[in-house]
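Report on the structure given below.
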RNA sequence: GCACCGGUGGCGAAGUGGCUAACGCGCUGGUCUGCAAAACCAGUACUCGCGGGUUCGAUUCCCGCCCGGUGCUCCA
């Protein structure tokens, strides 16, 4: 099964296959670590996670490199405000970033590259550009890329260069560039500012050069796929292409994938709109990381996703249904044998799932056969027509689904505990939703004890007491389910 | 202004030139249950923004319009 993925560069759906026939080499732009990540950031990382997980599910080997921008204007500004060097400022946000990725079950790339650890490679690249006449130094010591030296500029974003020039606002600090469109490769610094002493002078790197230098370092001069948020297409990726290809004269990446921005409540997310959420904000409001994951990946990556709390509730309920089903499937005792209709349904669901995913990662479409199978299996179980041999077939389909979606496997309580611990440590307890505190108030042992007491009361047909316990638990966010195999409980 | 994307049931969201317009959530009724929960069954868009056109036939293709969003500037 080969993935057909929309390629920004070609403007059409192309099959995504490794050029060397063995391993898919991909580069994805990572975070700038000046603050906690917000859900917009995470939508992009989640969609890239969906991509790499699906590729792996189809048996492909993946080498995925992600950069971390740990030096830029915002970082320098924030670190200065905090009165510490950037090397002390960024680690806490890098750590937080990975904690958040873990919470959202975003797999780690095979390699992670920090900008500040690759300054030498960037300088080297700038020197090579200068040797080609594609880079020049201005009076204050800064280096710029000469756009005139790269006629193909704009091929990714299909930009009309003349239009850009007309519409471009010229940065007052950059008045001595040859052309308004030329962009910074290396920025000179004033004494006391974060800088590196290098053969091309004292200064710090421009933003775009790090990705060119590091992708070359880890993936070579030309690789299979480059991915990122849609906003990066221009100018960031366009500039990367200009920098890399001016030196190598080879395509930087054959395939380009761009994830659409998300909206929050129908508006672009921004701090001034008051609709800006970090992952941590949502966890403290009581939403589960799994629900956030599902909500963010259920709309295909090329579509605008409107993020709402209603959407999170929907995702929460959908996950609940999947997990309840999984639990029923795993814990029920079935008669030996197999049933033909279930075997057929399981195979059909699996095929439909793969086919939807292979069609430009259509996650919305891929969900459907899973829920179809769920209903078919539940119906069979209700009618006593489900056999032990069917269990593995259905579980296998769920496993394939979860190899990409990863929401059936439950780890939310543990994540919630961590979020609460963080809130305390960060002094943000006031933001914790009361329902969340209630939900976590009882330990598993306390819940088990009450459940046992209720079962006892039921045996004695003391339904008053039994219902009282059930109500008490429900008030604390614990839902009970009676079944032939005993009582199951879960936190809402 | 230029460019791009979208407008499908109460909400989210697939999809196709012609089979009953997926799937999820929600809601209503029913079955099951001591009662619930879970699950299942039934109902919930005679219709896919509006107006033209192409076609034997369009939600799906073309044109125009309206509405929403995004990009053109740091931004996932």
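Residue numbers (my numbering): 1 to 492. Glycine included, every Cβ here is placed at the ideal spot set by N, Cα and C.
*So, helix, strand or coil for residue 301, using DSSP?*
In the first chain, counting from the first residue as 1, residue 301 sits at position 301. Residue 301: coil per DSSP, three-state reduction.
*Could you work out which residue in 106, 190, 199 is closest to residue 49 when comparing CA atoms only?*
Locating residue 49 in the first chain gives position 49, counting from the first residue. That would be 106, whose Cα lies nearest to the Cα of residue 49.
*Alpha carbon to alpha carbon, how far is residue 427 from residue 29?*
By 1-based counting over the first chain, the position of residue 427 is 427. By 1-based counting over the first chain, the position of residue 29 is 29. Distance between the alpha carbons of residue 427 and residue 29: 32 Å.
*With a 10 Å radius around its C-beta and 16 neighbouring C-beta atoms as the bar for buried, classify residue 350 as buried or exposed.*
Locating residue 350 in the first chain gives position 350, where the first residue counts as 1. Under this definition residue 350 is a buried residue.
_Nearest candidate by alpha-carbon position, reference residue 26, set 223, 264, 294_ = Translated into positions along the first chain, residue 26 becomes position 26. Per the Cα distances, 223.
*Looking only at its own chain, which residues have a Cβ that is under 6 Å from the Cβ of residue 114, when we skip the five neighbours before and after it?*
Numbered from 1 along the first chain, position 114 holds the residue referred to as residue 114. Excluding sequence neighbours, residue 114 sits near 68, 70.
_Distance between residue 146 and residue 403 (C-alpha atoms, nearest Å)_ = As a working note, residue 403 is residue 403 in the first chain. As a working note, residue 146 is residue 146 in the first chain. Roughly 45 Å between the two C-alpha positions.
*Minimum length 4: unbroken alpha helix (DSSP H) runs contained in the region 357 to 434*: 363 to 382, 388 to 404, 412 to 425
*May I have the straight-line CA-CA distance separating residue 228 from residue 275, to the nearest angstrom?*
Looking up residue 228 in the first chain gives position 228. Looking up residue 275 in the first chain gives position 275. So the alpha carbons of these two residues sit roughly 22 Å apart.
*Under a three-way DSSP split, which group does residue 253 fall into?*
Within the first chain, residue 253 is the residue found at index 253, counting from 1. It is a strand residue.
_Classify residue 162: buried if its beta carbon has 16 or more other beta carbons within 10 angstroms, exposed otherwise._
Taking the first chain and counting its residues from 1, the one referred to as residue 162 is at position 162. Confidence at residue 162 is low in this model, with a pLDDT of 49, below 50, so its placement is unreliable and the value that follows should be read with caution. When all chains shown are included, residue 162 counts as exposed.
_Whether residue 233 touches residue 157 by CB criterion (7 Å)_ = Sequence index remark: in the first chain, residue 233 carries index 233 (1-based). Sequence index remark: in the first chain, residue 157 carries index 157 (1-based). Going by C-beta atoms, residue 233 is nearer than 7 Å to residue 157.
*For residue 246, which residues from the same chain have a beta carbon less than 7 Å from its beta carbon, with the 5 sequence-adjacent residues on both sides left out?*
Mapped onto the first chain, residue 246 falls at position 246. If we look at residue 246 and ignore the five residues flanking it on each side, its Cβ neighbours are 129, 132, 134, 149, 150.
*asked:* Strictly by DSSP, which residues pair up with residue 205?
replied: Taking the first residue of the first chain as position 1, residue 205 is located at position 205. Looking at the DSSP assignment, residue 205 forms a beta bridge with 186.
*Going by other Cβ atoms of all chains shown within 10 Å of its Cβ, with 16 needed for buried, is residue 370 buried or exposed?*
Here the question's residue 370 lines up with position 370 in the first chain. Residue 370 is buried by the Cβ-count criterion.
*Between which two residues does the beta strand (DSSP E) carrying residue 13 extend?*
Mapped onto the first chain, residue 13 falls at position 13. 12 to 15 is the extent of the beta strand (DSSP E) around residue 13.
*If you follow the beta strand (DSSP E) that residue 338 is part of, which residue opens it and which one closes it?*
In the first chain, the residue the question calls residue 338 occupies position 338. Residue 338 -> no beta strand (DSSP E), and no H or E assigned at all.
_Residues that DSSP places opposite residue 262 in a beta bridge_ = As a first step, residue 262 must be located in the first chain, where it is residue number 262. According to DSSP, residue 262 bridges with 305.
_Buried versus exposed call for residue 288 [16 or more other C-beta atoms within 10 Å across all chains shown]_ = The residue given as residue 288 occupies position 288 in the first chain. Its Cβ being crowded by 16 or more others within 10 Å, residue 288 is buried.
*Sequence-distant residues of its chain with Cβ nearer than 6 Å to residue 290 (five each side left out)*: As a working note, residue 290 is residue 290 in the first chain. Around residue 290: 319, 407, 412.
*What's the gap between the Cα of residue 410 and the Cα of residue 468?*
Along the first chain, read from residue 1 onward, the residue named residue 410 stands at position 410. Along the first chain, read from residue 1 onward, the residue named residue 468 stands at position 468. Cα to Cα, residue 410 sits roughly 28 Å from residue 468.
*Given a cut-off of 7 Å, decide if residue 236 and residue 208 are closer than it, judged by their beta-carbon atoms.*
Position 208 of the first chain, counted from the first residue, corresponds to residue 208. Position 236 of the first chain, counted from the first residue, corresponds to residue 236. A contact, by the Cβ cut-off of 7 Å.
*When the Cα of residue 387 is compared with those of 212, 217, 343, which residue comes out closest?*
For the purposes of this step, residue 387 is taken as the residue at position 387 of the first chain. The candidate whose alpha carbon is nearest that of residue 387 is 343.
*Whole-number beta carbon distance between residue 52 and residue 259, since they are thought to touch under 8 Å*: What you label residue 259 is simply residue 259 of the first chain in a count that begins at 1. What you label residue 52 is simply residue 52 of the first chain in a count that begins at 1. Rounded, the Cβ-Cβ distance is 13 Å, inconsistent with contact.
*Over what stretch of residues does the beta strand (DSSP E) that includes residue 482 continue unbroken?*
In the first chain, the residue the question calls residue 482 occupies position 482. Start and end: 478 to 483.
*Tell me where the beta strand (DSSP E) around residue 488 begins and ends.*
Along the first chain, one-based indexing puts residue 488 at 488. Segment 486 to 491, the beta strand (DSSP E) holding residue 488.
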